[in-house]
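Protein sequences appear in the order of chains A and B. Using UniProt numbering, the first residue of the first sequence is number 1, and each one after it goes up by one. Using UniProt numbering, the first residue of the second sequence is number 1, and each one after it goes up by one. Quick reminder that beta carbons are idealized off the backbone N, C-alpha and C, glycines included. Each remark here refers to the structure printed beneath this line.
2 protein chains.
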Amino acid sequence: MSDLKNDIQRLEASTMTDMVESRLREYLKRKSFVPGDALPKEQELADALGVSRNVVREALSRLRMLGMIESRKKRGMVLTQPDILGSLERVLDPLILGKNTLRDIFELRLVLEMGLADLIYLRKTSEDIAALESIVAQEVNKQQKPFRVEHEIAFHGKLYQMTGNDTYMRFQKMLLPVFEYVLDYEIQVNGQAEVGKVTHHDLVEILRTGDAEDFRRGMKAHLKPHFDRLKA
Amino acid sequence: MSDLKNDIQRLEASTMTDMVESRLREYLKRKSFVPGDALPKEQELADALGVSRNVVREALSRLRMLGMIESRKKRGMVLTQPDILGSLERVLDPLILGKNTLRDIFELRLVLEMGLADLIYLRKTSEDIAALESIVAQEVNKQQKPFRVEHEIAFHGKLYQMTGNDTYMRFQKMLLPVFEYVLDYEIQVNGQAEVGKVTHHDLVEILRTGDAEDFRRGMKAHLKPHFDRLKA
Numbered sequence: 001m002s003d004l005k006n007d008i009q010r011l012e013a014s015t016m017t018d019m020v021e022s023r024l025r026e027y028l029k030r031k032s033f034v035p036g037d038a039l040p041k042e043q044e045l046a047d048a049l050g051v052s053r054n055v056v057r058e059a060l061s062r063l064r065m066l067g068m069i070e071s072r073k074k075r076g077m078v079l080t081q082p083d084i085l086g087s088l089e090r091v092l093d094p095l096i097l098g099k100n101t102l103r104d105i106f107e108l109r110l111v112l113e114m115g116l117a118d119l120i121y122l123r124k125t126s127e128d129i130a131a132l133e134s135i136v137a138q139e140v141n142k143q144q145k146p147f148r149v150e151h152e153i154a155f156h157g158k159l160y161q162m163t164g165n166d167t168y169m170r171f172q173k174m175l176l177p178v179f180e181y182v183l184d185y186e187i188q189v190n191g192q193a194e195v196g197k198v199t200h201h202d203l204v205e206i207l208r209t210g211d212a213e214d215f216r217r218g219m220k221a222h223l224k225p226h227f228d229r230l231k232a
Numbered sequence: 001m002s003d004l005k006n007d008i009q010r011l012e013a014s015t016m017t018d019m020v021e022s023r024l025r026e027y028l029k030r031k032s033f034v035p036g037d038a039l040p041k042e043q044e045l046a047d048a049l050g051v052s053r054n055v056v057r058e059a060l061s062r063l064r065m066l067g068m069i070e071s072r073k074k075r076g077m078v079l080t081q082p083d084i085l086g087s088l089e090r091v092l093d094p095l096i097l098g099k100n101t102l103r104d105i106f107e108l109r110l111v112l113e114m115g116l117a118d119l120i121y122l123r124k125t126s127e128d129i130a131a132l133e134s135i136v137a138q139e140v141n142k143q144q145k146p147f148r149v150e151h152e153i154a155f156h157g158k159l160y161q162m163t164g165n166d167t168y169m170r171f172q173k174m175l176l177p178v179f180e181y182v183l184d185y186e187i188q189v190n191g192q193a194e195v196g197k198v199t200h201h202d203l204v205e206i207l208r209t210g211d212a213e214d215f216r217r218g219m220k221a222h223l224k225p226h227f228d229r230l231k232a
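Here is the structure:
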């Protein structure tokens, strides 16, 4: 009898929570819940699902973390508009990501950078250009090396903002630490790469006088050292 | 005395779980946990944090959903390499996303599409081109309207795969349903848009004979109707 534990697989609480979470999602979808709609009470859900209230609470806690539900005074739990990047932010830690994922994210940042020209040309203002110019002026004044993390973040961060797309901006900013991490590692192994021939200053000049295609070509030249790493 | 519930804010279990989740993250980071390392037992964590075991279990359940920890026989809970897009997938439901987020995602798909040329040119093979050609041939044989969702998915999905970047591929595929949802809505309101002058067939031709810059220019012309929507 003492071997029973080895012979029959225990139904883990975590498995139950997975199932309850998935049932809840199905239910919300099938009943066409929209943000603002109130969910049934914990105890009702537990009774309907035939599980303990603790398991229901765990599953609801997951949806709460994803920003899909929240508790409101008097109304109980209601469906909300989720913060789509909130949970991504929680797992983008270079130390726990695998090598392939780190490389993927490094490339993804480059893809996003190469694709932003059209949105920028749709929405750029003269104030934006002035702001970029003052960022570039600070780089020169500080007499620092051409490649500095804080310059990169200030300059490219402003470009992200100019897309007028909050999701794009947040996503790119989230990818930066991973990008820097991979870059640092590469530099340790292969040595510092050349700097792209097109500088931040040149890119601002293109934004003034060129079109979206010129800007894309300039960005490609600016990022060339990173693309060269991918070939290696 | 009966007004006390109105005068003092109840410490919700959900708030406790938020705090415990955040403490656990801090702890894992400060102690430099890496994938494979075993976590302390639930009860030890509960004792150290001074909270009930249920709250600890809820917080751990969230980390489990994010793919950051998993249960292993005999070793208990261990840190794992999270699936960075798993939780994003859970919330990308057009029906519960806000209008701004839907627009952001529509644009993000275009940005990712415009940025993929460099990765494709780094990795494309003659087998890839042959596969694209057979997809295009099917489009023509079926004598269907030039814009069909299944053609779009087959053709662009193959392009995503050609980047050799799994994260990019999964991310783009996840965005597609939201993209289609916004497109359907726009078509209902503003009528069907023109089709881009550069077709899938033309894009394959460019992949054969042109360079990355030609391809980007072709893709821009292919996606022009979508970019025109953004101007409106």
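Would the C-beta of glutamine 172 of chain B count as close to the ligand COA, meaning under 7 angstroms from any of its heavy atoms?
Of the ligands one can find in the structure shown there are none, so the ligand COA has no counterpart to examine.
Mind checking whether glycine 67 of chain B and glycine 36 of chain B have CB atoms under 8 angstroms apart?
no
Just the chain B side, please: which residues come within less than 7 angstroms of isoleucine 105 of chain A by C-beta, in chain order?
Thr167
Can at least three beta-carbon pairs, one atom from the stretch 107-117 of chain B and one from the stretch 41-51 of chain A, be found at a separation below 8 angstroms?
no
Starting from glycine 76 of chain A and walking both ways along the beta strand (DSSP E), at which residues does that stretch end?
76-79
Considering only DSSP beta bridges, list what arginine 53 of chain B is partnered with.
According to DSSP, which records beta bridges pairwise, arginine 53 of chain B is partnered with nothing at all.
Range of the contiguous alpha helix (DSSP H) that encloses serine 87 of chain A
86-91
Which residues of chain B have a Cβ atom closer than 8 angstroms to the Cβ of glutamate 58 of chain A, listed in chain order?
Arg57, Glu58, Ser61
Pick helix, strand or coil for alanine 38 of chain A, following the three-state DSSP scheme.
strand
In angstroms, rounded to a whole number, what distance separates the CA positions of glutamate 139 of chain B and valine 149 of chain B?
11 angstroms
Please confirm whether valine 204 of chain B has its beta-carbon closer than 8 angstroms to some beta-carbon of chain A.
no
Does any residue of chain B have a CB that is nearer than 8 angstroms to the CB of phenylalanine 179 of chain A?
no
So is glutamate 213 of chain B in contact with chain A if we call contact Cβ pairs under 8 angstroms?
yes
Measure the CB-CB distance between leucine 79 of chain A and leucine 24 of chain A and report whether it falls below 8 angstroms.
no
DSSP-derived helix/strand/coil call for glutamate 194 of chain A:
coil
Residues of chain A with CB closer than 7 angstroms to the CB of arginine 90 of chain B, please, in chain order.
Leu66
The beta strand (DSSP E) enclosing isoleucine 105 of chain B, as first and last residue numbers
Unbroken run through isoleucine 105 of chain B is the alpha helix (DSSP H), 99-114; no beta strand (DSSP E).
Glutamine 81 of chain A beta carbon less than 8 angstroms from that of isoleucine 135 of chain B:
no
Tell me whether the beta-carbon of glutamate 58 of chain B lies closer than 8 angstroms to the beta-carbon of threonine 17 of chain B.
yes
Output, in chain order, the set of chain A residues within a Cβ distance shorter than 7 angstroms of valine 111 of chain B.
Leu112, Gly115, Leu116, Leu119, Tyr168
Select from B/Phe215, B/Arg90, B/Ile105, B/Ser32 the residue whose C-alpha is nearest the C-alpha of leucine 122 of chain B.
B/Phe215
Counting only the same chain and skipping the five closest in sequence on each side, list residues whose C-beta sits under 8 angstroms from that of tyrosine 160 of chain B.
Leu116, Tyr168, Met169, Gln172, Lys173
Can you tell me which of A/Glu186, A/Gly164, A/Phe155, A/Glu194 puts its alpha carbon nearest to the alpha carbon of leucine 203 of chain A?
A/Phe155
Does the beta carbon of arginine 30 of chain B sit closer than 8 angstroms to a beta carbon anywhere in chain A?
no
In terms of residues, what are the limits of the alpha helix (DSSP H) holding isoleucine 69 of chain B?
First-last for isoleucine 69 of chain B: 69-72, but that is the beta strand (DSSP E), not the alpha helix (DSSP H).
Under three-state DSSP, which class holds proline 82 of chain B?
coil
Of all the options B/Val182, B/Asn190, B/Thr199, which has the alpha carbon lying nearest to the alpha carbon of glutamate 107 of chain B?
B/Val182
Residue closest to methionine 162 of chain A, alpha-carbon to alpha-carbon, out of A/Val198, A/Thr125, A/Phe179, A/Lys197
A/Thr125
Which residues of chain B have a Cβ atom closer than 9 angstroms to the Cβ of valine 34 of chain A, listed in chain order?
Leu95, Ile96
First and last residue of the uninterrupted alpha helix (DSSP H) at lysine 220 of chain B:
212-222
For leucine 4 of chain A, count neighbouring Cβ atoms within 10 angstroms of its own Cβ and tell me buried if that reaches 16, exposed if not.
exposed
In terms of alpha-carbon separation, which member of B/Glu180, B/Ala130, B/Leu223 lies closest to leucine 207 of chain B?
B/Ala130
For proline 40 of chain B and chain A, any beta-carbon pair shorter than 8 angstroms?
no
I'd like to know whether the C-beta of glutamine 81 of chain B is nearer than 8 angstroms to at least one C-beta of chain A.
yes
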